[in-house]
DNA sequence: GTCTATAGGGCGATAGAC
DNA sequence: GTCTATCGCCCTATAGAC
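Chains as they are written, first to last, in full-length UniProt numbering: chain A, 1 to 196; chain B, 1 to 196.
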């Protein structure tokens, strides 16, 4: 019950942030959506809105990166896996009515200069994404530098495509991003083939 | 003098939006930066903050897309041109202290669900980017569908890389994005070579 | 067209009873 | 831990003198 309230607040904050960002989201609105009271929010999060946002982003970030192995493991060929990953992203944003899946990218762009503590939290999260992705692609046969380059490209393409898809209301940019990433992977593979 | 005030307001709004987004930017803050008064702002923009933001985004968007031919024309090989384009992006975000060049992507992600009129303005701008980019790449030898796919991929990769670079305070994601795009272009070229 | 003053409301945060 | 009431601030927008 008590932990439940805390979790509902974090979930509500994440839901509102991925729709309308951090600045436009009010703590009263969060409490309404979470069926919680102001007193409860400031009991669990004494540092207020910033603290709720940071912890909510951390939770979303952890859930988000787990999708990479989840969606890619079923495919023996890594190119097929990357292709399926972006196809799933395209489907998701269509089915959700053009809502971004994860609030981290949205909020990161918005607060990079104005909320230093939140930016640091977002940097932690993105850093952990890069580390996890690098490890994953190494396990699937890429060298360390190639694996790191590929996950950086994939994360950037994913975040950027989400913005374009939401704004233009089409999943075409996500599918174009998928083709870029399979092409990038092929280049890394052929480079390795001929070079080493 | 009178047009000058109007322009200063639009410039100030753009500058603040690319640093801290739309919601966190106040009209008083805009007036301070523009050395203008509230009365002037509401004289030139009777619909208030939303109108200032929309017109400011349109101005930024037009300036932004002109960079594509400006940066790519000097290179005879289109692959070199794409590579130089992303290298310029990496340099710019480093030199500016990790500030996004253009407010359109930042704001679009933030307001897609909550400010319908601004989202429509952002969609107009991005649509014009896609059209201009498609025309440009067609002129440089790509087929229509390939040109459209490439500009969608480039715009997404660029916007996403900006968010990662700002947050992680490194230009590495922008350079990774550049390699994805040259790889994508090569794939389109070789596809055309063998297919038609 | 420019400027001052202020309305009217929502914001984040807090106090204190229970 | 929960809830209500409320503070003080800042927001967008407006009115009206000049």
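We treat Cβ as the ideally placed atom computed from N, Cα and C, and that holds for glycine.
Quick one: what's got a C-beta closer than 7 Å to residue i's C-beta in the same chain, skipping five residues either side?
i              : result
residue 174(B) : 86, 89, 90, 93, 161 and 165
residue 36(B)  : 5, 8 and 9
residue 111(A) : 22, 118 and 119
residue 31(A)  : 37, 38 and 41
residue 137(A) : 147, 150 and 151
residue 191(B) : none
Give the range of the alpha helix (DSSP H) segment to which residue i is assigned.
i              : result
residue 165(A) : 144-168
residue 99(A)  : Note, residue 99(A): premise wrong, no alpha helix (DSSP H); not H, not E.
residue 116(B) : 116-139
residue 66(B)  : From DSSP, residue 66(B) is part of no alpha helix (DSSP H); its letter is neither H nor E.
residue 34(B)  : 27-34
residue 86(B)  : 78-95
residue 108(A) : 103-111
Quick one: is residue i buried, meaning 16 or more other Cβ sit within 10 Å of its Cβ, or exposed?
i              : result
residue 144(A) : exposed
residue 54(A)  : buried
residue 147(B) : buried
residue 43(B)  : exposed
residue 70(A)  : exposed
residue 3(B)   : exposed
residue 184(A) : buried
residue 171(A) : buried
residue 195(B) : Because the pLDDT of residue 195(B) is 44, which lies under 50, any placement of that residue in the model is unreliable, and the number read from its coordinates should be weighed accordingly. With fewer than 16 Cβ atoms within 10 Å of its Cβ, residue 195(B) is classed as exposed.
residue 109(A) : buried
Excluding the 5 residues preceding and the 5 following residue i in the sequence, name in chain order all residues of the same chain whose CB lies nearer than 6 Å to its CB.
i              : result
residue 61(A)  : 104 and 125
residue 152(A) : none
residue 34(B)  : 8, 9 and 12
residue 159(A) : 105
residue 134(B) : 147, 148 and 151
Here's a check: name, in chain order, each residue in its chain whose Cβ is nearer than 8 Å to the Cβ of residue i, leaving out the five neighbours to either side.
i              : result
residue 57(B)  : 14, 17, 103, 104, 107, 118, 121, 122 and 125
residue 28(A)  : 38
residue 84(B)  : 71, 72, 74 and 75
residue 99(B)  : 18, 19, 93 and 166
residue 115(B) : 22 and 50
residue 52(A)  : 9, 10, 13, 27, 30, 41 and 45
residue 186(B) : 79
Measuring alpha carbon to alpha carbon, tell me which of the options ends up nearest residue i.
i              : options                           : result
residue 132(B) : 113(B), 65(B) and 6(B)            : 65(B)
residue 81(B)  : 20(B), 140(B) and 59(B)           : 140(B)
residue 77(A)  : 156(A), 38(A), 142(A) and 113(A)  : 142(A)
residue 188(A) : 48(B), 189(B) and 181(B)          : 181(B)
residue 169(A) : 154(A), 185(A), 96(A) and 191(A)  : 96(A)
residue 50(B)  : 38(B), 158(B), 22(B) and 136(B)   : 22(B)
residue 155(A) : 167(A), 138(A), 172(A) and 127(A) : 127(A)
residue 59(B)  : 12(B), 152(B) and 19(B)           : 12(B)
residue 129(A) : 68(A), 101(A) and 31(A)           : 68(A)
residue 157(A) : 149(B), 138(B), 177(B) and 45(B)  : 177(B)
residue 63(A)  : 101(A), 52(A) and 150(A)          : 101(A)
residue 163(B) : 113(A), 190(A) and 179(A)         : 113(A)
What alpha helix (DSSP H) runs, 4 residues minimum, are completely inside the segment 38-63 of chain A? 38-44
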